[in-house]
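Colleague: Let me begin by handing over the structure; questions about it come next.
Numbering (the working numbering), first residue to last: 677 to 1168.
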């Protein structure tokens, strides 16, 4: 690939050649020879660079296909831009989404986790794992081998989707159609930032909306930048409160996993819903201090939008491997070395080289620790599964007040069933999702003694998974707001 210096050299040569064409009679043979040598040298050097680049890309096929390849990025004033010359969006044509049952048949006989085998031997991408089944996408060229492996180990397959790329393409098309078909109406009602809830938005639009809200409600809103990512993006949190010193606090975050797009959309909708009719809100809403962070993983979120729709981790480079990213929800200092995470930097559940190693984790920990007084709730939104779960995840026991947490969660899921006719399940985390250490929810409960701690797994139950169509955003977000409203009442 040509460097800027190479391009200048080539442009100069082309300029000289052009001039030569118009004044052929006045130029000596030696000058023409010099020009030709310059062009040949420039072209040869550029080809050599391309060859070296190709060699680097082919060193590890797993790294290239997963989006882990390292790239040189140049930071601008407020964000890092991707090198468009190197951008090659990951495609999933023919990739199938499988739900695998009878996974205990394998777990009881082998030390190597099934997820590791599917990832490293068959190029699988694990979407969801619990005690009953495992959701994994398998690429077209590995379908036959993976199917034979599962059959040999007496595991059953349900095909949830036959072509992941079609899901991705349909997701984009639905968003475009929804916004264009009602464009005039949306323009009259939309915010100055362009925020609406008929499609998924990039980070700039979400942050613009947060700034717009701060400007509209300066007396009750404050916008924080609590840190920066490794690629230089701000980590933004909006506070809403009429009395931040005395009111009980509720924290809400989304987007800790990049590919779960409905999570930032839901948290942004909750922010909108809280303020849309603030003066008429009930006291159990108005007499709270709200901290709202729509995107905890900005680098990963933008990468999932530009290059790899199924990217999960942040974009932190590894010191020892040619891989990018740490799973932020395995990076908090609680049960960090226990089950449910990986020590391999290329894994989607890589926990980092040490507890709280990541800038995003450090920023959230520092911000919340300073505000732990009166912090009554921590709500973190994920997808998918339609669950409302509470600690613990890192060990197979319940918290002492589990009966209270279960009662509040039961109320929330019952209200959702009446409102949108969707079935959510309320339970202890480890009982439905299995054991996993390093989670933000467990950390907040253990380190800050926050009483009402919940992880919410939004829609759906597996057909679309992370690639939820935009026409489901509003109803999904309403389900998220119903949970927030229910918890706020319980705290009051």
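Note that CB positions come from ideal geometry on N, CA and C, so glycine has one too.
What are the complete beta strand (DSSP E) segments, minimum 3 residues, inside the region 816-844?
Modeller: 832-837
Colleague: Would you identify the three-state DSSP class for residue 1055, choosing helix, strand or coil?
Modeller: Reading the chain shown from its first residue, position 379 is the one you call residue 1055. Residue state, collapsed to three classes: strand.
Colleague: Assign residue 901 to one of two classes, buried (16 or more other C-beta atoms within 10 Å of its C-beta) or exposed (fewer than that).
Modeller: As a position in the chain shown, residue 901 is number 225, starting the count at 1. The residue in question, residue 901, is exposed, as its Cβ has fewer than 16 Cβ neighbours within 10 Å.
Colleague: Answer with buried or exposed for residue 764, where buried requires no fewer than 16 other C-beta atoms within 10 angstroms of its C-beta.
Modeller: Taking the chain shown and counting its residues from 1, one reaches residue 764 at position 88. It counts as exposed.
Colleague: By Cβ distance below 7 angstroms, which residues in the same chain neighbour residue 971 in space, the five residues on each side in sequence not counted?
Modeller: As a working mapping, residue 971 is identified with position 295 in the chain shown. Counting only Cβ-Cβ distances below 7 angstroms, and skipping sequence neighbours, we find 879, 882, 930, 931, 940 and 977.
Colleague: Does the distance from the C-beta atom of residue 793 to that of residue 801 stay below 9 angstroms?
Modeller: By one-based count along the chain shown, residue 793 stands at place 117. By one-based count along the chain shown, residue 801 stands at place 125. Cβ distance not < 9 angstroms, so residue 793 and residue 801 don't count as in contact.
Colleague: Give every residue of the same chain whose Cβ lies closer than 8 angstroms to the Cβ of residue 991, excluding the five residues on either side of it in the sequence, and list them in chain order.
Modeller: As a working mapping, residue 991 is identified with position 315 in the chain shown. Cβ within range, chain order: 905, 906, 907, 975, 976, 979, 1000 and 1001.
Colleague: Apart from the five residues on each side of it in sequence, which residues of its chain come closer than 6 angstroms, Cβ to Cβ, to residue 810?
Modeller: Your numbering for residue 810 matches position 134 in the chain shown. Closer than 6 angstroms at the Cβ level, and outside the excluded window around residue 810, lie 776 and 779.
Colleague: Does the separation of the CB atoms of residue 1014 and residue 1123 fall below 9 angstroms?
Modeller: Mapped onto the chain shown, residue 1014 falls at position 338. Mapped onto the chain shown, residue 1123 falls at position 447. Taking 9 angstroms as the Cβ cut-off, residue 1014 and residue 1123 do not qualify as a contacting pair.
Colleague: Name the DSSP beta bridge partners of residue 1064, please?
Modeller: Start at 1 with the first residue of the chain shown, and residue 1064 comes out as number 388. Under DSSP, residue 1064 shares a beta bridge with 1102 and 1132.
Colleague: Report yes or no: is there a C-beta of chain D within less than 9 angstroms of the C-beta of residue 1158?
Modeller: No chain D is part of this structure, which consists of one protein chain only.
Colleague: With distances taken between CB atoms, is the gap from residue 781 to residue 1139 smaller than 9 angstroms?
Modeller: Taking the chain shown and counting its residues from 1, the one referred to as residue 781 is at position 105. Taking the chain shown and counting its residues from 1, the one referred to as residue 1139 is at position 463. It is not a contact, given that the beta carbons lie outside the stated cut-off.
Colleague: Our contact map puts residue 1103 next to residue 1073 with C-beta atoms below 8 angstroms; I'd like the distance itself, whole angstroms only.
Modeller: Your numbering for residue 1103 matches position 427 in the chain shown. Your numbering for residue 1073 matches position 397 in the chain shown. The C-beta distance from residue 1103 to residue 1073 rounds to 14 angstroms, too long to meet the 8 angstroms contact threshold.
Colleague: Here's a check: name, in chain order, each residue in its chain whose Cβ is nearer than 7 angstroms to the Cβ of residue 1164, leaving out the five neighbours to either side.
Modeller: Sequence index remark: in the chain shown, residue 1164 carries index 488 (1-based). If we look at residue 1164 and ignore the five residues flanking it on each side, its Cβ neighbours are 926, 960, 961 and 964.
Colleague: Give the straight-line distance between the Cα atoms of residue 891 and residue 994, rounded to the nearest whole angstrom.
Modeller: To locate residue 891, count along the chain shown from 1; it is residue 215. To locate residue 994, count along the chain shown from 1; it is residue 318. Residue 891 and residue 994 have their C-alpha atoms roughly 39 angstroms apart.
Colleague: Which of helix, strand or coil does DSSP assign to residue 1143?
Modeller: Here residue 1143 corresponds to residue number 467 of the chain shown, with the count starting at 1. Correct three-state label for residue 1143: coil.
Colleague: Looking only at its chain, what residues have a beta carbon closer than 8 angstroms to the beta carbon of residue 896, apart from the 5 residues adjacent to it on each side?
Modeller: Position 220 of the chain shown, counted from the start, is the residue given in the question as residue 896. Taken in chain order, the residues that qualify are 916, 917, 918 and 954.
Colleague: Between the C-alpha atoms of residue 1003 and residue 1087, what's the straight-line distance to the nearest angstrom?
Modeller: Position 327 of the chain shown, counted from the first residue, corresponds to residue 1003. Position 411 of the chain shown, counted from the first residue, corresponds to residue 1087. Going by the C-alpha atoms only, they are around 31 angstroms apart.
Colleague: Just how far apart, CA to CA, sit residue 1031 and residue 1146?
Modeller: Residue 1031 sits at position 355 when you count from the first residue of the chain shown. Residue 1146 sits at position 470 when you count from the first residue of the chain shown. Their Cα atoms are separated by approximately 35 angstroms.
Colleague: Within 10 angstroms of the Cβ of residue 1153, are there 16 or more other Cβ atoms? Answer buried if so, exposed if not.
Modeller: On the chain shown, residue 1153 is found 477 positions in, with the first residue counted as 1. Looking at its Cβ environment, which holds 16 or more other Cβ atoms inside 10 Å, residue 1153 is buried.
Colleague: Please name the residue, chosen from 1142, 1128, 875 and 1143, that lies closest to residue 1161 on a Cα-to-Cα basis.
Modeller: Locating residue 1161 in the chain shown gives position 485, counting from the first residue. Nearest of 1142, 1128, 875 and 1143 to residue 1161, Cα basis: 1128.
Colleague: Would you list the residues sitting across from residue 927 in a DSSP beta bridge?
Modeller: Position 251 of the chain shown, counted from the start, is the residue given in the question as residue 927. The partner list for residue 927 (beta bridge, DSSP) reads 967 and 1054.
Colleague: What separation, rounded to the nearest whole angstrom, lies between the Cα atoms of residue 1166 and residue 1157?
Modeller: As a working note, residue 1166 is residue 490 in the chain shown. As a working note, residue 1157 is residue 481 in the chain shown. Residue 1166 and residue 1157: Cα-Cα distance of roughly 14 angstroms.
Colleague: Once the 5 residues before and after residue 1006 are set aside, which same chain residues still bring their CB inside 6 angstroms of it?
Modeller: The residue labelled residue 1006 in the question sits at position 330 within the chain shown. Closer than 6 angstroms at Cβ, skipping near neighbours: 1017, 1025, 1027 and 1114.
Colleague: Determine the DSSP secondary structure at residue 1148, reduced to helix, strand or coil.
Modeller: Along the chain shown, read from residue 1 onward, the residue named residue 1148 stands at position 472. If DSSP states are grouped into helix, strand and coil, residue 1148 belongs with the helices.
Colleague: Taking residue 767 as the reference, give the member of 783, 790, 844 and 924 with the closest Cα.
Modeller: Taking the first residue of the chain shown as position 1, residue 767 is located at position 91. Nearest option by C-alpha distance: 844.
Colleague: Let me check one thing: in DSSP terms, what residues is residue 993 bridge-paired to?
Modeller: Taking the chain shown and counting its residues from 1, the one referred to as residue 993 is at position 317. Note: residue 993 sits in a beta bridge opposite 1000.
Colleague: Is residue 969 near residue 899, with beta carbons less than 9 angstroms apart?
Modeller: Locating residue 969 in the chain shown gives position 293, counting from the first residue. Locating residue 899 in the chain shown gives position 223, counting from the first residue. No, they are not a contact pair.
Colleague: Taking the beta strand (DSSP E) that residue 772 belongs to, which residues open and close that run?
Modeller: The residue given as residue 772 occupies position 96 in the chain shown. First-last of the beta strand (DSSP E) with residue 772: 772-777.
Colleague: Could you tell me how far apart the beta carbons of residue 1039 and residue 903 are, in whole angstroms, since I believe they sit closer than 8 angstroms?
Modeller: On the chain shown, residue 1039 is found 363 positions in, with the first residue counted as 1. On the chain shown, residue 903 is found 227 positions in, with the first residue counted as 1. 3 angstroms between Cβ atoms; contact.
Colleague: What number of angstroms, rounded off, separates the C-alpha of residue 1120 from the C-alpha of residue 1054?
Modeller: In the chain shown, residue 1120 corresponds to position 444, counting from 1. In the chain shown, residue 1054 corresponds to position 378, counting from 1. One C-alpha to the other measures close to 7 angstroms.
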